[in-house]
Amino acid sequence: MKQILPVLCTAAVSVCAAVDFIPSFPNDKPVHEGHKANIDKALPTEPIVQPKAKRRLLVVSSTAGFRHGSIPTGKYAIEQMGLSSGAYETVLSDDPANFEPEVLKTFDAVLMLNSTNDFFMPTAKTEREKYTDEEWKALRDRHYRLVDNLLDFVEQGGGLAGIHAATDACYGHKKYGEAMGGYFWGHPWTADKNVTIVVEDPEHAVIKPVFEGMSDFRVKDEIYQFREPYSRERLRVLLNLDPERSDEPKHNPKREDGDYAVSWVQKVGEGRVFYSSLGHNHHMYWNPLILKHYLAGLQFAMGDIEADTTPSAKVKMPAVTDCCGHKDADGWIQLFDGKSLKGWTQRDGKATYEVRDGAIVGTSALATPNSFLCTEQTFADFELEFEVYCGQINSGVQIRSKATKPDGKVRVNGPQIEIERGPGQAGFIYGEGYFGWVSPEPKSEDESVSTHNHFKNDDWNHYRVVAKGPRIQTTLNGQVIADFSHQQSYNKFDYKEGFIGLQVHAHAIPGVEIKWRNIRIREL
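Under mature numbering (1 follows the signal peptide of the UniProt record, and there is no 0), the letters of the sequence shown match residues -17 to -1, 1 to 507, in that order.
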């Protein structure tokens, strides 16, 4: 016994020493003085709302996996933003002791700033062999206990915020993923890509003070995609990425639904959670818009901004109305007000669209793929009418269309009502980006079947389209052109609902015009 006891004591001391592990990152580079100057110029000088009380924010940037080089820059920016705005006092610390319940109670919110993997443990890839199995288990048990403490803190009314890689952490702790909103599933858009971020919820209390009047904005940053437990059934999504108005992704996107959320909020118990995936590149921390975005999210998490956390999937969208907010007595919605492109967004190619003399004018550009001006609203069953004046160019109007194909490729796809000069195939239905001709007539070798002269060249032409279930009917200048059901389009390819899009086809000659006017729709 006298010989065994020292061994047992030594083992116990060893385990205790392991559990006392405090992460440190001596290889972090100090923040460049030029970066500090950029941040200082970009800092907000007032809070989004006045704090209800003096606030304390704990910023944790500990990592046990990939460590972002921008972490010191982010820490400086977050700390200085608290000082410049007066919104909060910052504590920068990776000490696990801060996650003990009595210490957590002294903070209003915890910000996980690019924390990765099991962040209160040594890095398994390089450090595991330094610890016995018993020591490693003790470290893991401590880490899980501390994360449980954090989640209890949030459940009881505390705040939690995450920036960028905060979703690339605690994969073995399901409740952490649920609280943060999802898990990292790769970054199709790498740090060198210019991307368009859509302001999805412009009236939301966390968004409106920052992005008021903006429908989207451009940044260069690494963009994540997320896997379960990410779900719009639980999260209020605030910002998302528009793939077709962003650079081509370097890696293949995995989400078949094309849902690339960038920022969200949610309620967890009595607590509040804010997350933004923006924050890989250094320059994000001296972008004034992004800093204000962080500030609004942090003030929400700390309890100063009152905001709706109803999940996006459960939010009742406003009734579809025209660009002026009106639906007439017969149910018609004017999609074009004759003065602006309000309610429309351009996708894919680089042709130009403008309003001239009460019409939308699309003009071809050299060396660009097909271009589309698309409604921001989507429609399922409807009656659509429009007038078109077509120059020496092929065109069409998309219905029930999508921006991204099932394989993740960014490309407008869906049924298209053909527009072209006569004799031709105007009014027949083409499967843009997925099928080729849907209407059987254009595939006929008999020209009397495949072409017609109902389109008036160098004049305005009236189209009427009725889409109800798989059946699509088209009329051109009062003449029925197509009337049939295409089950493959409707069921196999799932073109049951989507946007309306005005196409300017790729063309060898720049400057060729096509015009649309009197565009209206009535839902059935």
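Where a beta carbon is used, it is the ideal one built from N, C-alpha and C, also for glycine.
Opposing strand residues paired with residue i [DSSP bridges]
| i | result |
| --- | --- |
| M95 | V43, G145 |
| H445 | E370 |
| D131 | Its beta-bridge partners do not exist; DSSP assigns none. |
| D199 | V181 |
| D331 | S354 |
| R503 | Q317, E368 |
| D496 | Correcting the residue type first, residue 496 is Glu in the shown sequence and not Asp. DSSP lists T346 as partners of E496. |
| R210 | Y166 |
| N100 | A152 |
| G484 | C357, Q381 |
| W172 | I206 |
| V248 | R219, F257 |
is_contact[residue i, chain D] using C-beta, thresh 8 Å
| i | result |
| --- | --- |
| L261 | Going by chain labels, chain D is absent from the structure shown, which holds only one protein chain. |
Coil, strand or helix - residue i by DSSP
| i | result |
| --- | --- |
| Y243 | coil |
| T458 | strand |
| E216 | coil |
| Y114 | coil |
| E253 | coil |
| V303 | Note that V303 has pLDDT 49, beneath the 50 cutoff, so the model's placement of it is unreliable and no number is given. |
| A188 | coil |
| A465 | strand |
| S260 | coil |
| I288 | coil |
| Q(-15) | Unreliable positioning characterises Q(-15) in this predicted model, as indicated by a pLDDT of 46, which lies under 50. The coordinate reading is nonetheless provided below. Here Q(-15) sits in coil by DSSP. |
| L274 | helix |
| D3 | coil |
| L324 | coil |
| Y478 | coil |
| D124 | helix |
| S193 | The sequence given here has Val at residue 193, not Ser. Reduced to three states, the DSSP call for V193 is helix. |
| E227 | helix |
| V(-5) | At V(-5), the pLDDT of 47 sits below 50, so the modelled position is not reliable; the number obtained from the coordinates is stated separately. It is helical. |
| V298 | coil |
| E401 | strand |
| E337 | strand |
| E83 | coil |
| F8 | coil |
| H18 | helix |
| K233 | coil |
| G452 | coil |
| A279 | helix |
Exposed unless 16 or more other CB atoms sit within 10 angstroms - verdict on residue i
| i | result |
| --- | --- |
| S323 | exposed |
| H488 | buried |
| Q381 | buried |
| A302 | Confidence is the limiting factor: at A302 the pLDDT is only 49, short of 50, which leaves the residue's position unreliable, though a coordinate-based value still follows. A302 should be labelled exposed. |
| N438 | The amino acid at residue 438 is misidentified as Asn; the sequence shows Phe. So F438 ends up on the buried side. |
| D225 | buried |
| Q208 | buried |
| R383 | buried |
| E415 | buried |
| G410 | buried |
| I412 | buried |
| H435 | buried |
| D3 | exposed |
| F49 | exposed |
| E161 | buried |
| I492 | exposed |
| P389 | exposed |
Next on the checklist: In chain order, what are the residue ranges of uninterrupted beta strand (DSSP E) at least 3 long that sit wholly in the segment 21 to 76?
Outcome noted: With a minimum length of 3 residues, the continuous beta strand (DSSP E) runs that stay inside the segment 21 to 76 are 39 to 43, 72 to 75.
Checklist entry - Is the segment 418 to 434 touching the segment 257 to 269, taking contact as three or more C-beta pairs under 8 Å? => result Counting Cβ pairs under 8 Å, fewer than three are found: no touch.
Checklist entry - Is the segment 496 to 507 in contact with the segment 339 to 357, if contact means three or more CB pairs nearer than 8 Å? => result Result yes; three or more Cβ-Cβ pairs closer than 8 Å.
Next on the checklist: Threshold first: 3 residues or longer. Then list the beta strand (DSSP E) segments lying entirely within the segment 339 to 399, N to C.
Outcome noted: List check, beta strand (DSSP E) in window: 342 to 346, 354 to 358, 365 to 373, 378 to 387.
Next on the checklist: Using 8 Å as the cut-off, can you tell me whether the segment 130 to 142 makes contact with the segment 166 to 186, which would need three or more C-beta pairs spanning the two stretches below that distance?
Outcome noted: With contact defined as three or more Cβ pairs closer than 8 Å, the segment 130 to 142 and the segment 166 to 186 are not in contact.
Next on the checklist: Does the segment 161 to 174 come into contact with the segment 278 to 286, if we say contact requires no fewer than three beta-carbon pairs (one atom in each stretch) closer than 8 Å?
Outcome noted: By the Cβ criterion, the segment 161 to 174 is not in contact with the segment 278 to 286, since fewer than three pairs of Cβ atoms, one from each stretch, lie closer than 8 Å.
Item to check | Segment contact, 8 Å Cβ cut-off, at least three pairs: the segment 484 to 493 with the segment 350 to 369 | outcome: Flag = yes, the segment 484 to 493 and the segment 350 to 369 touch.
Checklist entry - In chain order, which beta strand (DSSP E) runs of at least 3 residues are fully inside the segment 404 to 450? => result 412 to 415, all fully within the segment 404 to 450.
Checklist entry - Pairing CB atoms from the segment 240 to 254 with CB atoms from the segment 210 to 227, are three or more of them under 8 Å? => result In this structure the segment 240 to 254 touches the segment 210 to 227; the number of beta carbon pairs closer than 8 Å is three or more.
Next on the checklist: If contact is defined by three or more beta carbon pairs under 8 Å, each pair taking one atom from either stretch, is the segment 76 to 89 in contact with the segment 19 to 38?
Outcome noted: Counting C-beta pairs with one atom in each stretch, the segment 19 to 38 and the segment 76 to 89 have fewer than three that are closer than 8 Å, which means they do not touch.
Checklist entry - Three or more C-beta pairs closer than 8 Å, one from the segment 5 to 17 and one from the segment 45 to 57: is that the case here? => result Yes, since at least three Cβ pairs between the segment 5 to 17 and the segment 45 to 57 fall closer than 8 Å, the two stretches touch.
Checklist entry - Okay, do the segment 15 to 29 and the segment 111 to 123 touch, 3+ Cβ pairs below 8 Å being the bar? => result Counting C-beta pairs with one atom in each stretch, the segment 15 to 29 and the segment 111 to 123 have fewer than three that are closer than 8 Å, which means they do not touch.
Checklist entry - Is there contact between the segment 343 to 353 and the segment 468 to 481, where contact requires at least three CB pairs shorter than 8 Å? => result Too few Cβ pairs lie closer than 8 Å, so no.
Next on the checklist: For the segment 143 to 158 against the segment 216 to 223, do three or more pairs of beta-carbon atoms, one drawn from each stretch, fall closer than 8 Å, so that the two count as touching?
Outcome noted: As far as the Cβ criterion goes, the segment 143 to 158 does not touch the segment 216 to 223, which means the pair count is below three.
Item to check | Segment contact, 8 Å Cβ cut-off, at least three pairs: the segment 362 to 373 with the segment 444 to 459 | outcome: Yes: the two stretches touch, three or more of their Cβ pairs being nearer than 8 Å.
Checklist entry - On the three-pair Cβ rule with 8 Å, is the segment 92 to 102 touching the segment 41 to 51? => result Counting Cβ pairs under 8 Å, three or more are found: they touch.
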